[in-house]
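Everything in the sequence shown is counted per our numbering, starting at 421 for the first residue and increasing by one.
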Amino acid sequence: MYTLEQIEEEFAPYRNRYGFVSAGGDHGHNTLFHAFYVNLLDRYKLLNLATTKKEIQLFNTLIDPKYPGILRSAPVGFPNANPHSHDSLKGAFWLCHKLKDYSRRFYPVGQINFAKDFLNHGRLHKWNWNPKDPNKFDLHGTYWRFPGMIAQAQVAAGETPHPFNKYWLYAELALSAKKSKGRIERMTLPFWMCKTIKGISPMADMFVGHWRENAYRKYPGGMGEVFESWGGPWKTHPFTKHYAGLFDV
421 MYTLEQIEEE FAPYRNRYGF VSAGGDHGHN TLFHAFYVNL LDRYKLLNLA
471 TTKKEIQLFN TLIDPKYPGI LRSAPVGFPN ANPHSHDSLK GAFWLCHKLK
521 DYSRRFYPVG QINFAKDFLN HGRLHKWNWN PKDPNKFDLH GTYWRFPGMI
571 AQAQVAAGET PHPFNKYWLY AELALSAKKS KGRIERMTLP FWMCKTIKGI
621 SPMADMFVGH WRENAYRKYP GGMGEVFESW GGPWKTHPFT KHYAGLFDV
């Protein structure tokens, strides 16, 4: 078992300029990669009043202050260089799902309402998210084309997903389970989808279990092997050690 001091010291060199755990200076997928760090805190039972509040405050630096349903790639004052990252959104929805549960236990420690605000923004803007001009249509911001992601957001917001969205998400997980080894997104994105929907129903757990079984078939070394296979700065990242042999979904 690790202490918080040990974890923070180990990961300190891997925090980017915005304070999120990443690698190689990546600053465009903050919630996607930082979610793996928060998941470790959860696994090692280090999410408490102080750490939950800290993670909520850090997450909220990426929320557009005028349009809280829009996730930025960087805090205000820095370039929003990756405004339509589906990867970051999927990590963000799980963070909302997890940190919301903990913040309820330790109320009041802060607010984390992004998943709910994301859906509200979509409903008020014809399911279009345009960080430059929220009232103007932007093809890249038409997330309604990804009903599985909308279902994940609905679960994270405490809503019951629309059946169409829910079954589309299940189909995405089934398709992901069949895919061969390759791009890291084939594993990281469904990982957060599984983490978010696990436990909501027996059917959801069936698809999560199917995905996990096939994930181990492709990567017996778990998510640690996935990161190591990416090479570069990820080859020796602490995630390769802490996720060795594990797909903890």
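In this text, a Cβ means the ideal position worked out from N, Cα and C, and glycines have one as well. Everything numeric in this text was worked out from a predicted model, so none of it was measured.
Selection from the options that minimises the alpha carbon distance to residue i
{"i": "Ala571", "options": "Lys486, Phe513, Tyr663", "result": "Phe513"}
{"i": "Ala501", "options": "Glu648, Pro433, Leu482, Asp537", "result": "Leu482"}
{"i": "His662", "options": "Glu425, Asn436, Asn459", "result": "Asn459"}
{"i": "Met643", "options": "Ser621, Tyr487, Ala664, Lys520", "result": "Ala664"}
{"i": "Arg435", "options": "Ala624, Asp668, Phe659", "result": "Phe659"}
{"i": "Lys510", "options": "Phe431, Gln477, Leu609", "result": "Leu609"}
{"i": "Ala573", "options": "Met613, Ala624, Ala594", "result": "Met613"}
{"i": "Asp507", "options": "Glu428, Tyr563, Pro622, Trp654", "result": "Tyr563"}
{"i": "Phe498", "options": "Leu466, Asn533, His447", "result": "His447"}
{"i": "Glu428", "options": "Leu461, Met626, Leu544, His630", "result": "Leu461"}
{"i": "Asn634", "options": "Phe647, Trp654, Ser596, Ser621", "result": "Ser596"}
{"i": "Gln477", "options": "Arg565, Thr451, Tyr487", "result": "Thr451"}
{"i": "Lys449", "options": "Leu544, Asp553, Ser493", "result": "One detail in the question is off: residue 449 reads as His in this sequence, not Lys. Nearest of Leu544, Asp553, Ser493 to His449, Cα basis: Ser493."}
{"i": "Phe566", "options": "Asp484, Leu593, Pro551", "result": "Leu593"}
Residues that DSSP places opposite residue i in a beta bridge
{"i": "Val441", "result": "Arg435"}
{"i": "Leu666", "result": "Gly642"}
{"i": "Ile483", "result": "Leu491"}
Proximal residues to residue i (C-beta, below 8 Å), its chain only, five neighbours per side dropped
{"i": "Gly652", "result": "Ala443, Gly444"}
{"i": "Leu666", "result": "Gly642, Met643, Gly644"}
{"i": "Val441", "result": "Phe431, Tyr434, Arg435, Phe453, His454, Phe456, Tyr457"}
{"i": "Pro540", "result": "It should be pointed out that residue 540 corresponds to Asn in this sequence rather than to Pro. Closer than 8 Å at Cβ, skipping near neighbours: Gly489."}
Extent of the continuous alpha helix (DSSP H) run through residue i
{"i": "Phe627", "result": "622-638"}
{"i": "Gln531", "result": "Where Gln531 is concerned, there is no enclosing alpha helix (DSSP H), given that its DSSP letter is neither H nor E."}
{"i": "Lys474", "result": "469-480"}
{"i": "Thr562", "result": "Note, Thr562: premise wrong, no alpha helix (DSSP H); not H, not E."}
{"i": "Ala597", "result": "583-598"}
{"i": "Met421", "result": "Element bounds for Met421: n/a, residue is neither H nor E."}
{"i": "Tyr464", "result": "Looking at the DSSP string, Tyr464 is not in any alpha helix (DSSP H), and its letter there is neither H nor E."}
{"i": "Glu605", "result": "605-617"}
Sequence-distant residues of its chain with Cβ nearer than 6 Å to residue i (five each side left out)
{"i": "Glu645", "result": "Tyr639"}
{"i": "Ala535", "result": "Phe513, Cys516, Ala573, Ala576, Ala577"}
{"i": "Leu589", "result": "Gly568, Ala571"}
{"i": "Trp654", "result": "Ala443, Phe647"}
{"i": "Asp537", "result": "Pro488, Gly489"}
{"i": "Met623", "result": "none"}
Own chain partners of residue i with C-beta closer than 7 Å, once the 5 adjacent residues on each side are dropped
{"i": "His504", "result": "His560, Gly561"}
{"i": "Lys465", "result": "none"}
{"i": "Glu475", "result": "Val458, Leu519"}
{"i": "Val390", "result": "Residue 390 falls outside the range modelled here, since the chain spans only 421 to 669, and no answer is possible."}
{"i": "Asn548", "result": "Phe557, Asp558, Gly561, Thr562"}
Is there contact between the segment 599-612 and the segment 541-561, where contact requires at least three CB pairs shorter than 8 Å?
no
Please determine if the segment 616-624 and the segment 569-587 are in contact, where contact requires at least 3 C-beta pairs separated by less than 8 Å.
They touch, by the three-pair rule.
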